[in-house]
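Working notes for the structure below.
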Amino acid sequence: MRQAGRYLPEYRAMRERYGFLELCKNPDAATEVTLQPVRRLGVDAAILFADILLIVEPLGVGLEFARGEGPVIRHPIRGETDTVRLKPFDPEDAVGFVFETVRLVRRALPPTVPLIGFAGAPFTVASYLVEGGPSRDYLHTKRLMYEAPDAWHRLMDVLAEATARYLNGQIAAGAQAVQLFDSWVGVLGPDDYRAFVLPHTRAVIQKLTPGTPVIHFGTGTAALLPLMRAAGGDVIGLDWRVDLDAAWGALGHDVGVQGNLDPAVLLAGPALIRERVRAILDRAGGRPGHIFNLGHGVLQETPVEHVQALVDIVHELSDRRP
Ligand code: CP3
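Using this note's numbering, you'd call the opening residue of the sequence shown number 129 and step up by one each time.
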């Protein structure tokens, strides 16, 4: 889940002083923001403060984070001509500041708290590049896939190569696990996932430094879970639209799962939070390989005391298990 962000008063205070990209590019400030939820909430792992779109800046597409709007790509990639211009790029040159943040965070964290690095999966990053921002239907993205498949695959090849290098750079700098976010891949049906996404996500995961656990996350993916598993990952992220036990059973218990509380439950108070946590832990059945998490990131409107209550309740209820 995204655990840093605007629901935290100390994050909002940092944002008074820095623009979002400025914060990402300043390793001292990004380290501070990474540590905020760990200090305040006592979560079991830290997630690097960065963004999935930082690696596209070298493509010269005009990345901006407009206040309250999320990411904007000023010059979206729409057709063959745009993709022909795409050159392979090395994120080491462009996002060295992320690797520096990883080193600083690793130094600052207690050895018992692992650091999770991350990147966007090729489909989700491509969807921003093609749409120019968030989208409901992903029509530009689908049109490119269907009408210019060679251009689509070229774009995905370039992103897959850069993403693998980016994650390996984070691992080399000290990230102990990495999460690949395919947040919006649930807009595709299984055949399209198989043809247009799976080979590229698999290529990323196969290039990663062996020995580092990989969490493969998406939302709206009930129909795609077996294919996501086939693409790779030691742990598959589940959102709240599936029953954890049924989804885990279908995936197979030899892969881990992460999830799957609806982030909106944190708008309600501790009584409902407790009930829902218990239900998820019951479905996990005390089996090894379940990482308790939200099905997606913490919503901006969430009272911070409710996130605190969640962490405490998960610790309390899971400690009682054998
Ligand atoms: O601790 C953490 O979890 C923070 C690190 C983090 C951020 N982005 C910081 C951020 C992570 C893991 C991400 C990943 C990310 N970024 C994803 C995949 C995860 C997911 O939630 O699906 C996606 C799709 C993005 C693209 C992105 N960046 C969006 C859609 C937005 C706007 C979201 C919003 O809440 O408005 C961002 C901006 C962003 N990235 C913020 C943060 C803390 C909010 C920016 C702000 O301070 O104004």
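Don't be surprised by glycine CBs; every beta carbon is placed ideally from N, CA and C.
Cutoff 8 Å; reference residue i; Cβ partners in own chain excluding five residues on either side
i, result
"GLU160", "MET142"
"ARG282", "THR211, VAL212 and LEU214"
"GLU454", "In the structure displayed, the chain extends from 129 to 450; residue 454 sits before or after that span and is not available."
Whole-angstrom C-beta distance between residue j and residue i, which should lie under 8 Å
i, j, result
"LEU191", "PRO204", "With 8 Å as the limit, LEU191 and PRO204 do not qualify as a contact, their Cβ atoms being about 11 Å apart."
"PRO242", "ALA305", "6 Å"
"VAL233", "LEU163", "7 Å"
"CYS152", "ALA178", "6 Å"
Residue range of the unbroken alpha helix (DSSP H) whose run includes residue i
i, result
"PHE227", "224-236"
"PHE246", "Taken as a continuous stretch (DSSP letters only), PHE246 belongs to no alpha helix (DSSP H), being part of the beta strand (DSSP E) at 243-248."
"GLU138", "137-145"
"LEU400", "398-412"
"ILE441", "432-447"
"PRO338", "Looking at the DSSP string, PRO338 is not in any alpha helix (DSSP H), and its letter there is neither H nor E."
Delimiting residues of the beta strand (DSSP E) encompassing residue i
i, result
"LEU151", "Here LEU151 belongs to no beta strand (DSSP E); instead the alpha helix (DSSP H) covers 148-153."
"ILE343", "342-346"
"GLU185", "Neither: GLU185 is in no beta strand (DSSP E) and is coded neither H nor E."
"LEU422", "418-422"
Residue i (DSSP reduced to helix, strand or coil)
i, result
"HIS328", "helix"
"LEU295", "helix"
"LEU389", "strand"
"GLY314", "helix"
"GLY133", "coil"
"LEU427", "coil"
"GLU192", "strand"
"ARG369", "coil"
"LEU257", "helix"
"GLY384", "strand"
"ALA173", "coil"
"ALA378", "helix"
"ALA351", "coil"
"PRO165", "helix"
"LEU287", "helix"
"ALA157", "helix"
"PHE217", "coil"
Other residues of its chain near residue i: CB distance less than 7 Å, five sequence neighbours each side excluded
i, result
"TYR146", "ASN154 and ALA157"
"LEU372", "LEU366, VAL385, GLY387, ASN388, ILE408, ARG411 and ALA412"
Cβ-based neighbour list, residue i, same chain, cut-off 6 Å, excluding 5 preceding and 5 following
i, result
"ARG448", "Note on ARG448: pLDDT 46, under 50, position unreliable in the model; the coordinate value appears next. Same-chain partners within the cutoff: there are none."
"HIS344", "LEU308, MET356, GLY361 and ILE364"
"LEU272", "VAL258 and TRP280"
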